[in-house]
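Colleague: Take this structure first; my questions come after.
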Amino acid sequence: MTTRLEHISTDRLENELADLEATIGRLRAQQVERLREIDSRQVPLGDGCRSLNEWVVARLDVSPETASDLVRIIRAGNDLLTEAIGSGKVTFDRAAALARLETATDPARFTHLDLPGLKRYIA
């Protein structure tokens, strides 16, 4: 079923895009939970992969960057971060940036920064 987008208001399009991004975040949070379990079971090693990153790239057919972001979020061990993605409070990209911080932090602490600003802060 295809929607005729030209008949939808700009406000509605913007809201739908934001809703879709939140849905992507919820799905990514589910991936993080499952990948955490896959990692704990050492499935990648059993499959002959050198790392979880390599396994994620091969199994999920995602870019190495996306795999690294997923694994970085897992390794951060920050349940607040995973919950924030799942609830739509932060996007997956923002969570991946926050996971680069060396200390676990509340994702709400950096809401005053846009994503490029957050990345500059972290660098």
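Numbering (the working numbering), first residue to last: -2 to 120.
We treat Cβ as the ideally placed atom computed from N, Cα and C, and that holds for glycine.
Keep in mind the model is a prediction, meaning the values are calculated, not measured.
1. Work out the CA separation of arginine 117 and glutamate 80 for me, nearest whole Å.
2. Our contact map puts isoleucine 82 next to arginine 25 with C-beta atoms below 8 Å; I'd like the distance itself, whole angstroms only.
3. For proline 41, count neighbouring Cβ atoms within 10 angstroms of its own Cβ and tell me buried if that reaches 16, exposed if not.
4. On the three-state DSSP scale, how would you describe histidine 109?
5. Throw me the rounded Cβ distance for the glycine 22 and glycine 85 pair, which I believe falls under 8 Å.
6. According to DSSP, is alanine 64 helix, strand or coil?
7. Measure the C-alpha to C-alpha separation of glutamine 27 and arginine 9 and round it to an integer number of angstroms.
8. What residue range does the alpha helix (DSSP H) around glutamate 3 cover?
9. Please state if the CB of leucine 95 and the CB of leucine 78 are separated by a distance shorter than 9 Å.
10. Below 8 Å on the Cβ atoms is my contact criterion, and I expect aspartate 36 with isoleucine 71 to pass it. Report the Cβ-Cβ distance as a whole number of Å.
11. Let me know the secondary structure DSSP gives alanine 120 once reduced to three states.
Modeller: On the basis of the data shown:
1. What you label residue 80 is simply residue 83 of the sequence shown in a count that begins at 1. What you label residue 117 is simply residue 120 of the sequence shown in a count that begins at 1. Straight through space, the alpha carbons of arginine 117 and glutamate 80 are spaced by roughly 24 Å.
2. To locate residue 82, count along the sequence shown from 1; it is residue 85. To locate residue 25, count along the sequence shown from 1; it is residue 28. About 6 Å separates the CB atoms of isoleucine 82 and arginine 25; that is less than 8 Å, so the two are in contact.
3. Within the sequence shown, numbered from 1, the residue matching residue 41 stands at position 44. With 16 or more other Cβ atoms within 10 Å, it is buried.
4. To locate residue 109, count along the sequence shown from 1; it is residue 112. Reduced to three states, the DSSP call for histidine 109 is coil.
5. Working through the sequence shown from its first residue, we reach residue 22 at position 25. Working through the sequence shown from its first residue, we reach residue 85 at position 88. Going by Cβ atoms, the distance from glycine 22 to glycine 85 rounds to 6 Å, so yes, they are a contact pair.
6. Translated into the one-based positions of the sequence shown, residue 64 becomes position 67. Alanine 64 falls in the helix class under three-state DSSP.
7. As a working note, residue 27 is residue 30 in the sequence shown. As a working note, residue 9 is residue 12 in the sequence shown. In this structure, the alpha-carbon of glutamine 27 lies about 27 Å from that of arginine 9.
8. The sequence position of residue 3 within the sequence shown is 6, counting from 1. Boundaries cannot be given for glutamate 3, as no alpha helix (DSSP H) includes it and DSSP labels it neither H nor E.
9. In the sequence shown, counting from the first residue as 1, residue 78 sits at position 81. In the sequence shown, counting from the first residue as 1, residue 95 sits at position 98. The answer is yes: Cβ separation under 9 Å.
10. If you number the sequence shown from 1, residue 36 lands on position 39. If you number the sequence shown from 1, residue 71 lands on position 74. Sure, about 6 Å apart at Cβ, within 8 Å.
11. Here residue 120 is taken as the residue at index 123 of the sequence shown, counted from 1. The answer is coil: DSSP assigns alanine 120 none of H, G, I, E or B.
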